[in-house]
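First comes the structure, then the notes that go with it.
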Amino acid sequence: ESGPVNHRIEIFTVPQFMAGYLGVDLAQPLAPDVWLALAQQRLRTTVGGAVYHDDVGLETVRQRFAWYPHDVWLYLLAAGWTRIGQEEHLMGRAGYAGDEIGSALIGARLVRDVMRLCFLMERTYAPYPKWFGTAFRQLACGPALAPVLEQALHAQSWQAREEHLAAAYETLGRLHNRLDLTERMPEQVRDFFGRPFRVMALHGFSDALARAITDPAVQAIARRPLIGNVDLVSDNTDLLENNGWQPILRTLYRP
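Okay, structure coming up:
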């Protein structure tokens, strides 16, 4: 075949690219609500990969987005533990009530929340779903945790599922303490208010992390329910990939 070829190459300045891809104005400070409205898969793309020649200041911009400000990070960690705390007891309770499908679904959600928290603990942006598991295995904790989480996903009963999830939770507890962000927290699961379901977040990880926040702007956000960033609010592809939603998303974190 012959004829004109569209190489699909577009040329932008760095500020133009960041405005189009992340939806941010590099001339403005990155407030907490801006950070929380950014999808991690887009942040990962922005800072990942090698730059072999840079005479336009790209690397300086990439460094600016390398990771969350400290207190935004604390908030996200607290939100991650909150998500686990909201459902860790429901996996067993659904199974106990005879709903194996429901128990398995909740268990799978908890596996994803454990993985998300691991990305946060290792200060690594999570990719989009196709590469989520692959990138998880590349984390420092991945080789040890991945087999445990696979067993949780493949478990045929809620009791077996709980056994593997409990092991994963205890690993999270140890990883949390290694970060030295809060007072030392328990590293063993406990019963859910005396009921036969083993849980971890009930020890108060979220509250301890929220107490460590000192930035007034983030403190104000953390005084409301800890919903986390856009990735924790929704996994809808159009919401995560369309920057047009960002002004609306930012209002979630404003008074």
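Going by the numbering used here, the first residue of the sequence shown is number 64, and it counts up by one from there. Glycine residues also receive a C-beta, built at the ideal position from the N, C-alpha and C atoms. If you're wondering where the values come from, they're calculated on a predicted model, not measured in any experiment.
To the nearest angstrom, how far is it from the Cα of residue i to the Cα of residue j?
{"i": "D117", "j": "R125", "result": "11 Å"}
{"i": "Y84", "j": "N299", "result": "17 Å"}
{"i": "F128", "j": "T109", "result": "8 Å"}
{"i": "I164", "j": "F195", "result": "24 Å"}
{"i": "Q214", "j": "D176", "result": "16 Å"}
{"i": "P95", "j": "F182", "result": "19 Å"}
{"i": "L242", "j": "V135", "result": "15 Å"}
Give me, in chain order, the residues of the same chain whose beta-carbon lies closer than 6 Å to that of residue i; leave out the 5 immediate sequence neighbours on both sides.
{"i": "G155", "result": "W221, E225 and F260"}
{"i": "Y159", "result": "none"}
{"i": "A198", "result": "P190"}
On the three-state DSSP scale, how would you describe residue i?
{"i": "D301", "result": "helix"}
{"i": "R125", "result": "helix"}
{"i": "V135", "result": "helix"}
{"i": "F255", "result": "strand"}
{"i": "V177", "result": "helix"}
{"i": "R261", "result": "strand"}
{"i": "E64", "result": "coil"}
Below 7 Å CB to CB, which residues in the same chain sit around residue i once its five sequence neighbours on both sides are set aside?
{"i": "A203", "result": "E185"}
{"i": "Q251", "result": "E233"}
{"i": "V114", "result": "L121 and E122"}
Where do the ends of the alpha helix (DSSP H) carrying residue i lie?
{"i": "F75", "result": "From DSSP, F75 is part of no alpha helix (DSSP H); its letter is neither H nor E."}
{"i": "D162", "result": "No alpha helix (DSSP H) holds D162; DSSP gives it neither H nor E."}
{"i": "P192", "result": "P192 to R200"}
{"i": "G205", "result": "G205 to H217"}
With a threshold of 8 Å on Cβ separation, who are the neighbours of residue i within its own chain once the five nearest residues in sequence on each side are excluded?
{"i": "F75", "result": "G83"}
{"i": "N240", "result": "R247, M248 and E250"}
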